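Residue numbers (full-length UniProt numbering), protein chains in the order written: chain H, 1 to 284; chain A, 1 to 284; chain Z, 1 to 284; chain L, 1 to 284.
Beta carbons are placed, not taken as given, at the ideal position from N, Cα and C, and that holds for glycine.
Only a predicted model underlies this, so the values are computations on that prediction, with no experimental measurement involved.
Working notes for the structure below.
Number of protein chains: 4
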Amino acid sequence: MDDRPRFRLSIRCPDQHGIVARIANAIANTDGWITEAAQHTDAEAGWFFMRWVFSLPVDAEPALRERLDELARDLGMDWWLAGADTRPRVVLMVSREPHCLSDLLARWSNGELPMEIPAILSNHRDLAPLADCYGIPFEHIPVPREDREAAFATLQARLAELAPDAIVLARYMQILPPTLCDEYPERILNIHHSFLPSFVGARPYHQAFARGVKLIGATCHYVTEDLDAGPIIEQDVTRIRHDDGVQDLIRKGRDVERWVLARGLRYHLEGRVLTHGNKTIVFN
Amino acid sequence: MDDRPRFRLSIRCPDQHGIVARIANAIANTDGWITEAAQHTDAEAGWFFMRWVFSLPVDAEPALRERLDELARDLGMDWWLAGADTRPRVVLMVSREPHCLSDLLARWSNGELPMEIPAILSNHRDLAPLADCYGIPFEHIPVPREDREAAFATLQARLAELAPDAIVLARYMQILPPTLCDEYPERILNIHHSFLPSFVGARPYHQAFARGVKLIGATCHYVTEDLDAGPIIEQDVTRIRHDDGVQDLIRKGRDVERWVLARGLRYHLEGRVLTHGNKTIVFN
Amino acid sequence: MDDRPRFRLSIRCPDQHGIVARIANAIANTDGWITEAAQHTDAEAGWFFMRWVFSLPVDAEPALRERLDELARDLGMDWWLAGADTRPRVVLMVSREPHCLSDLLARWSNGELPMEIPAILSNHRDLAPLADCYGIPFEHIPVPREDREAAFATLQARLAELAPDAIVLARYMQILPPTLCDEYPERILNIHHSFLPSFVGARPYHQAFARGVKLIGATCHYVTEDLDAGPIIEQDVTRIRHDDGVQDLIRKGRDVERWVLARGLRYHLEGRVLTHGNKTIVFN
Amino acid sequence: MDDRPRFRLSIRCPDQHGIVARIANAIANTDGWITEAAQHTDAEAGWFFMRWVFSLPVDAEPALRERLDELARDLGMDWWLAGADTRPRVVLMVSREPHCLSDLLARWSNGELPMEIPAILSNHRDLAPLADCYGIPFEHIPVPREDREAAFATLQARLAELAPDAIVLARYMQILPPTLCDEYPERILNIHHSFLPSFVGARPYHQAFARGVKLIGATCHYVTEDLDAGPIIEQDVTRIRHDDGVQDLIRKGRDVERWVLARGLRYHLEGRVLTHGNKTIVFN
Numbered sequence: 001m002d003d004r005p006r007f008r009l010s011i012r013c014p015d016q017h018g019i020v021a022r023i024a025n026a027i028a029n030t031d032g033w034i035t036e037a038a039q040h041t042d043a044e045a046g047w048f049f050m051r052w053v054f055s056l057p058v059d060a061e062p063a064l065r066e067r068l069d070e071l072a073r074d075l076g077m078d079w080w081l082a083g084a085d086t087r088p089r090v091v092l093m094v095s096r097e098p099h100c101l102s103d104l105l106a107r108w109s110n111g112e113l114p115m116e117i118p119a120i121l122s123n124h125r126d127l128a129p130l131a132d133c134y135g136i137p138f139e140h141i142p143v144p145r146e147d148r149e150a151a152f153a154t155l156q157a158r159l160a161e162l163a164p165d166a167i168v169l170a171r172y173m174q175i176l177p178p179t180l181c182d183e184y185p186e187r188i189l190n191i192h193h194s195f196l197p198s199f200v201g202a203r204p205y206h207q208a209f210a211r212g213v214k215l216i217g218a219t220c221h222y223v224t225e226d227l228d229a230g231p232i233i234e235q236d237v238t239r240i241r242h243d244d245g246v247q248d249l250i251r252k253g254r255d256v257e258r259w260v261l262a263r264g265l266r267y268h269l270e271g272r273v274l275t276h277g278n279k280t281i282v283f284n
Numbered sequence: 001m002d003d004r005p006r007f008r009l010s011i012r013c014p015d016q017h018g019i020v021a022r023i024a025n026a027i028a029n030t031d032g033w034i035t036e037a038a039q040h041t042d043a044e045a046g047w048f049f050m051r052w053v054f055s056l057p058v059d060a061e062p063a064l065r066e067r068l069d070e071l072a073r074d075l076g077m078d079w080w081l082a083g084a085d086t087r088p089r090v091v092l093m094v095s096r097e098p099h100c101l102s103d104l105l106a107r108w109s110n111g112e113l114p115m116e117i118p119a120i121l122s123n124h125r126d127l128a129p130l131a132d133c134y135g136i137p138f139e140h141i142p143v144p145r146e147d148r149e150a151a152f153a154t155l156q157a158r159l160a161e162l163a164p165d166a167i168v169l170a171r172y173m174q175i176l177p178p179t180l181c182d183e184y185p186e187r188i189l190n191i192h193h194s195f196l197p198s199f200v201g202a203r204p205y206h207q208a209f210a211r212g213v214k215l216i217g218a219t220c221h222y223v224t225e226d227l228d229a230g231p232i233i234e235q236d237v238t239r240i241r242h243d244d245g246v247q248d249l250i251r252k253g254r255d256v257e258r259w260v261l262a263r264g265l266r267y268h269l270e271g272r273v274l275t276h277g278n279k280t281i282v283f284n
Numbered sequence: 001m002d003d004r005p006r007f008r009l010s011i012r013c014p015d016q017h018g019i020v021a022r023i024a025n026a027i028a029n030t031d032g033w034i035t036e037a038a039q040h041t042d043a044e045a046g047w048f049f050m051r052w053v054f055s056l057p058v059d060a061e062p063a064l065r066e067r068l069d070e071l072a073r074d075l076g077m078d079w080w081l082a083g084a085d086t087r088p089r090v091v092l093m094v095s096r097e098p099h100c101l102s103d104l105l106a107r108w109s110n111g112e113l114p115m116e117i118p119a120i121l122s123n124h125r126d127l128a129p130l131a132d133c134y135g136i137p138f139e140h141i142p143v144p145r146e147d148r149e150a151a152f153a154t155l156q157a158r159l160a161e162l163a164p165d166a167i168v169l170a171r172y173m174q175i176l177p178p179t180l181c182d183e184y185p186e187r188i189l190n191i192h193h194s195f196l197p198s199f200v201g202a203r204p205y206h207q208a209f210a211r212g213v214k215l216i217g218a219t220c221h222y223v224t225e226d227l228d229a230g231p232i233i234e235q236d237v238t239r240i241r242h243d244d245g246v247q248d249l250i251r252k253g254r255d256v257e258r259w260v261l262a263r264g265l266r267y268h269l270e271g272r273v274l275t276h277g278n279k280t281i282v283f284n
Numbered sequence: 001m002d003d004r005p006r007f008r009l010s011i012r013c014p015d016q017h018g019i020v021a022r023i024a025n026a027i028a029n030t031d032g033w034i035t036e037a038a039q040h041t042d043a044e045a046g047w048f049f050m051r052w053v054f055s056l057p058v059d060a061e062p063a064l065r066e067r068l069d070e071l072a073r074d075l076g077m078d079w080w081l082a083g084a085d086t087r088p089r090v091v092l093m094v095s096r097e098p099h100c101l102s103d104l105l106a107r108w109s110n111g112e113l114p115m116e117i118p119a120i121l122s123n124h125r126d127l128a129p130l131a132d133c134y135g136i137p138f139e140h141i142p143v144p145r146e147d148r149e150a151a152f153a154t155l156q157a158r159l160a161e162l163a164p165d166a167i168v169l170a171r172y173m174q175i176l177p178p179t180l181c182d183e184y185p186e187r188i189l190n191i192h193h194s195f196l197p198s199f200v201g202a203r204p205y206h207q208a209f210a211r212g213v214k215l216i217g218a219t220c221h222y223v224t225e226d227l228d229a230g231p232i233i234e235q236d237v238t239r240i241r242h243d244d245g246v247q248d249l250i251r252k253g254r255d256v257e258r259w260v261l262a263r264g265l266r267y268h269l270e271g272r273v274l275t276h277g278n279k280t281i282v283f284n
């Protein structure tokens, strides 16, 4: 319908009169054409959130950016403008379990996940062949128990070289040090294999089995220093029965982990996630 | 946050440049404050749909309506403006099965369904006591097989007196005549006890049992002359097992019918449903 | 197919060789005809659980009971035999919120819940009219904050008179004293409005909102002295969005509470629930 | 708990008195130990279905088989006894879309799908690299439009050599000839990308989009001569929205296809599926 370059704009600001009109005018005055729009007012917090997708004439981006800068000053607004077809650089980090990695690679290869994958990093060598299948560089950075600090320094240095837009812990079974969490705020996604806030920490399926819950779940969240407590992007559950043992929970849980991580990552890649405090707004 | 009267505006028009800006300006210029906004562009059909909720200063509504009339001419746009707390008049029609009626009345009484119920009409007397419990007038309009035409004339006349904004067929087990369907386009909601387009017509649970499906469903749709073929507002399903007989399907199906009808009706009452051809846009 | 009286038998015993054959022979030798059978072996715990439904010739029940007593001694087995059409006496306890009560009464009246309801007890008068609609005696037993002990003594005495097979806390917003919990082990069902073990205690929807979860749930469990920690019978969840405020969570949660309580209660009434430690086996 | 060989037994026979006792005795007399048991009586049809898992002493299988042969004559019973750890030979057939194949291979490699895969057959070469990744032989058997008959003769001959226990059409976009369907009754599984019986035939997602349904689904069924009408093994659905275009339906549908095919295949491999007429009993 429209062959011009497409952009997506996200904004976040204190709620106030006339925001929509001012943004809409900025876009209309740049001859933009809006094709998707979602917004949210958090009435309690008094904040406004928005994600719009629109096309612009070639070369109109700088003028729009200028106008958005002015509006940002007036409205006290954070804003992010990106090409709608941007493919962020995403580093995947894994340990030994292949199910999340193989799912992400299959979706990436299908075109479902708009990203570049400069590298897959792992503290084990097990998943190197899977990376090879999809032609992605695999790097082994061991994390020996007795020398975690040095290992994480190496890892952090290597990440800095890779310059990722996002990092995905696709069942990377190590707790990242605070310094690494802080370097990539709201850019590290983790999949936790429980329906948080239930069963924080280690072996959540064993915890779920012991408690006798009737559903198990998984949670995709941004990583913060506070373990398993970062802003939740996506969650889902699946039903279990009394005849499911721990191994069945692990098997059924793998499916939930896959869906939840894939959906959460897609929302992130498409710029659908905004945060406010420890909560997310997900325009999906 | 804002004690002024709140309105909701829905529009539908061919997609074109600058719609959002023009509507947003119309609202901003009337000193409106937008609190909810959802829109949809059907790129294939080239149509634009929108639902916004905003507050206005007291007495500002006429000016906005004038401005919207102008825009409607320019943009070829249909529009509906209503107070956000409007409670439409809804006539409920039932036969003998209480499950949908009792659910709707419980939700209405809870405040979940913003409507007035001037009357419950039925071709049987069975549900009169349930209507009494909630203090709603119950009227018996029999539909004898040999004289359906006269019965429906009586019914239609009575409906005209009741002047409903919407009519809900809450398991009203009669096919309405075309003349009645035509009088209330997109204002008669039916709950069909199958996941349409599967199992159109009579005894869908028996059809589902015979086919051996693993899920059964229900569909809330606008009634048109074409039986079970109107625009779908909401659908859902529930899982069945090989040991569920037809009676179990009927029992499990009652739950799905309740959820689906209640959700579909709420979307309708809150002005969240727009149609385009035989499809709905549901801003939920 | 078979007009003879139908029974259901549940057993629980340490797992050992030949249990099924011995029970099956006991039933075959009494000329029983099995129509439903479900069993479960907890391999880790080494326990066996079973629920069978069968018909017997008139007057054959005593002989079967005798045989089961012998088997119980041999196998170290607990067993429960009941007419398959038994309708347990169930006292419903409520506070002010009608949604669970109206749902249970509608299902009871539909025939979905095979029980007698000798009385509805409440610490408030609000739901008396709803009880009246369905012709169930309503009794007001206030629980003043300053004299809870005496109030619960009155309540416990009244329950003793009512001699219930089960008690359902259908949003009864009081914590029962241990002495009452102990009198009805595995016979008091509660609906907790969260997906336990998340959000134990007061105001779970507010807790869920604050944490920013993407699904909310409800849990039906047996009441024990340990608040919200008894054996879980049933759970379910529903999806929420960033634009759902606490009031929306409460509204959406009401639906989940209804399903979960109705399903959990039905399993209990039909003798489908066995416990082992703090977990349940649910033959559904 | 028990290191002896484990077996699973499925039976199907007209319902009659004492079946369970007779089978249980046959197993007990062979010193068998039952660990899983599920049965179903279709009261309407008067048929009985059963699946038991048990351990036997080494070398006890022939005696049990003899006893089962006798019972089969008495009861008019079909029966299947197999080692519980049997890994059937399964040929996968695909066209160009990788999503089902990559999912099945990942699950197979994980140990979730107990099968051997002697070959992947395809009418295209596209998925050869994926087969290579997992070390499975890939064979290209083209099906040119002008010479389908010869192509299918080649295919059928090759299948005969491969001697599969089951064949999975993992998005094999060709209609198999009746002669091939007949050779493998209840042994060819297909994944159809709609919630059957809706949207039979070609391009079901386009049909679903045109009809405006609110959920899309997938169906795993045994292939019969009658296209998309064989016994249904498993189905599921996922929610779609008005802003999902046909491409979104295809994307979301891929997930449902994957779950449904993987679950249906697992049930088949574990001997959990019995048929009766055009319906399945699935002991899951």
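Nonlocal neighbours in the same chain, by C-beta distance under 8 Å from residue i, ignoring five residues either side
| i | result |
| --- | --- |
| L/Leu-227 | Ile-175, Val-200, Gly-201 |
| H/Ser-109 | Tyr-134 |
| residue 287 of chain Z | Any property of residue 287 of chain Z remains undetermined from this structure, which presents chain Z solely from 1 to 284. |
Neighbouring residues, chain Z, relative to residue i (Cβ below 9 Å)
| i | result |
| --- | --- |
| A/Cys-100 | Result: empty, since nearest Cβ-Cβ is about 10 Å, beyond 9 Å. |
Own chain residues within Cβ distance below 7 Å of residue i, not counting five before or after
| i | result |
| --- | --- |
| Z/Arg-22 | Leu-71 |
| L/Trp-33 | Asp-2, Phe-54, Ser-55 |
Nonlocal neighbours in the same chain, by C-beta distance under 6 Å from residue i, ignoring five residues either side
| i | result |
| --- | --- |
| residue 308 of chain A | Nothing in the structure corresponds to residue 308 of chain A, since chain A is present only between 1 and 284. |
| L/Val-53 | Arg-8, Thr-35, Glu-36, Ala-84 |
| Z/Val-20 | none |
| H/Pro-137 | Ala-119 |
7 Å Cβ cut-off: residues of chain Z touching residue i
| i | result |
| --- | --- |
| H/Gly-253 | In chain order: nothing, as chain Z lies at least about 15 Å away. |
Contacts of residue i in chain H (Cβ-Cβ under 7 Å)
| i | result |
| --- | --- |
| Z/Asp-78 | In chain order: nothing, as chain H lies at least about 17 Å away. |
Contacts that residue i makes with chain L (C-beta to C-beta distance below 8 Å)
| i | result |
| --- | --- |
| H/Trp-259 | Asp-255 |
Chain-ordered neighbours of residue i on chain H, where CB pairs are closer than 9 Å
| i | result |
| --- | --- |
| Z/Asp-248 | Under the 9 Å cutoff, chain H gives no residues; its nearest Cβ is about 12 Å from Z/Asp-248. |
| A/Thr-35 | Asp-15, Thr-41, Ala-43 |
Partners in chain L for residue i, counting only beta-carbon separations shorter than 7 Å
| i | result |
| --- | --- |
| Z/Val-20 | Ala-24, Ile-34, Ala-37 |
- prompt: Residues in the stretch 172 to 199 of chain L with C-beta within 9 Å of chain A's C-beta atoms, listed in sequence order?
  reply: Phe-195, Leu-196, Pro-197, Ser-198, Phe-199
- prompt: Given a limit of 7 Å on CB to CB distance, which residues of the stretch 37 to 61 of chain L reach chain H?
  reply: none
- prompt: In chain order, what residues of the stretch 200 to 233 of chain H put their CB closer than 8 Å to some CB of chain L?
  reply: none
message: So if I threshold CB-CB distances at 7 Å, which residues from the stretch 264 to 281 of chain Z count as touching chain A?
response: none
message: In chain order, what are the residue ranges of uninterrupted alpha helix (DSSP H) at least 4 long that sit wholly in the stretch 220 to 275 of chain Z?
response: 246 to 269
message: Which complete beta strand (DSSP E) runs does the stretch 89 to 161 of chain A hold, if anything under 3 residues is left out?
response: 90 to 94, 120 to 122, 138 to 140
- prompt: Going along the chain, which residues of the stretch 105 to 119 of chain H sit with their C-beta nearer than 8 Å to a C-beta in chain L?
  reply: Ala-106, Ser-109, Asn-110, Glu-112
- prompt: Three or more C-beta pairs closer than 8 Å, one from the stretch 95 to 112 of chain H and one from the stretch 170 to 184 of chain H: is that the case here?
  reply: yes
field: Runs of beta strand (DSSP E) wholly within the stretch 33 to 63 of chain L (minimum 3 residues, chain order)
entry: 33 to 42, 47 to 55
query: Are three or more beta carbon pairs between the stretch 262 to 278 of chain A and the stretch 243 to 251 of chain L nearer than 8 Å?
result: no
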